[in-house]
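Heads up, the thing below is written out as structure tokens.
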Amino acid sequence: MWSDMRQLSEGECPGIKLFTPCATWEANSTGQAILYFLAMAWCFLGVAIIADIFVAAIEQITSATYVLKTKEGGKHVVPIWNPTVANLSLMALGSSAPEILLSVIETVIGPPAMFAG
């Protein structure tokens, strides 16, 4: 893989100049900084939207209730989940979901295609 790398001359930058780190910057470093900032803002916006959807899903799940009938014929609405335990458990699951999915994919695909690291 590294054998096909050639020696770069002074000021030469391989690949797309915007996303390739080089020893020397192009003259338009302000434009690059603006584009990096916009890309980072776009990523944070995506994470914020996904987090809002995830929290709304947790609230929907933990707000589930059932009707408990008493011996006298009365009815009481009882929550299924303890809100604190449910929120902590689901947030822990959500924060470790990428690691869990990678482990499942590694198990299904097998060792030759993917390695832990």
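Heads up, our numbering is the position in the sequence shown plus 5, with the first residue counted as 1. Glycine included, each C-beta is placed from N, C-alpha and C at the ideal position. Predicted model, so just to flag it, every value in this text is computed and none were measured.
Ranked by how close their Cα comes to the Cα of residue 72, the residues 65, 85, 54, 64 have 85 in first place. In this structure, the straight-line span from the alpha carbon of residue 83 to that of residue 70 is close to 6 angstroms. With contacts defined by Cβ atoms closer than 8 angstroms, residue 98 and residue 66 do not form a contacting pair. Secondary structure note for residue 67: its alpha helix (DSSP H) is the uninterrupted segment 34-67. The alpha-carbon of residue 112 is positioned some 14 angstroms away from that of residue 103. Using a Cβ distance threshold of 8 angstroms, residue 81 and residue 75 count as a contacting pair. Cβ atoms of residue 63 and residue 92 come within 8 angstroms of each other, at about 6 angstroms.
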